[in-house]
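These notes concern the structure reproduced below.
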Amino acid sequence: TSTFANGATFATTGGNVGINSSTPFAKLSVQGSADNNPVFDVASSTGASMLRVLANGNVGIGTGTPAKLFEISSSVGNAQMRLTATGNTANYMEWYRNGSRVGYWGNDTAGDRMMIATESATGELIFSTDAAAAMRFKTNGIERMIILSGGNIGIGTTTPYDKLTVWNGNITTDDGTTS
């Protein structure tokens, strides 16, 4: 074990390397300290943090100060994440609560459909805007339906003037009546 001027230690045991750990348990073990310094940081040539792990466990990609458990940030473009699978496998993210899967978002094994699902028998799937904003639905790049913040729904129009406005089309009921 070697100790540096700043108090950090470096140890090797059985082929494992430890930083601030005299008993490394993996090929590379990095143990944090009591201060607020990052536990792990990968920086660019300019010193900007590209990947940082804080002492509280928060992980940041593109940020040196992740405010949540996992945060992706970009100052030069869109903060994007990609899931890629080959063959007939599904890409999806799962949400768990108290050890049980409550929902997922991803594509099916054929890879041609996106799904958002809830799996709880009592769970609801809620689409929401937290401000006075509209909710828009598009297919093939064209807006087909809108729900305004006041609750009016428009099909074929972006300016519904009543609770339900169908523009340039018919409404058919289950008994075949068309209006």
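Going by the working numbering, the first residue of the sequence shown is number 56, and it counts up by one from there.
All C-beta atoms in this analysis are idealised placements derived from N, C-alpha and C, irrespective of residue type, glycine included.
Since the structure is predicted, the reported quantities are computational estimates derived from the model, not experimental observations.
Which of helix, strand or coil does DSSP assign to I158?
Residue identity check: residue 158 is Gly in the sequence provided, not Ile. In the structure shown, G158 sits in a strand (DSSP, three-state: E or B).
Buried/exposed call for R107, threshold 16 Cβ in 10 Å:
Sixteen is the threshold: when 16 or more other Cβ atoms of the shown chains lie within 10 Å of the Cβ of R107, as they do, the residue is buried.
Expected contact under 8 Å - CB spacing of T64 and S57 to nearest Å:
So it is a contact: roughly 7 Å between Cβ atoms.
Residue range of the beta strand (DSSP E) that F125 falls in?
First-last of the beta strand (DSSP E) with F125: F125 to I127.
Short of 7 Å in beta carbon distance, which residues of its chain neighbour V94, apart from the five on each side in sequence? Order them along the chain.
Closer than 7 Å at Cβ, skipping near neighbours: V85, G87, V108, L109 and A110.
Could you name the residues of the same chain whose beta carbon sits closer than 8 Å to that of V157, not counting the 5 residues immediately before and after it, in chain order?
These residues qualify, in order along the chain: W150, Y151, T173, E174, S175 and G178.
Counting along the chain, where does the beta strand (DSSP E) carrying V94 start and finish?
Note, V94: premise wrong, no beta strand (DSSP E); not H, not E.
Pick from G117, F80 and N92 that is closest to A98, judged by C-alpha positions
Selected option, being the one with the closest Cα: G117.
DSSP three-state label for W150, please.
W150 falls in the strand class under three-state DSSP.
In terms of alpha-carbon separation, which member of N153, I201, T232 and T228 lies closest to W222?
Taking only the C-alpha atoms, the option nearest W222 is I201.
Kindly list the residues whose CB is nearer than 6 Å to the CB of G73, restricted to its own chain and excluding five residues on each side of it in sequence; keep chain order.
Sequence-distant partners of G73 (beyond 5 residues in either direction) whose C-beta falls short of 6 Å from its own C-beta, in its chain, are A66, P79 and S84.
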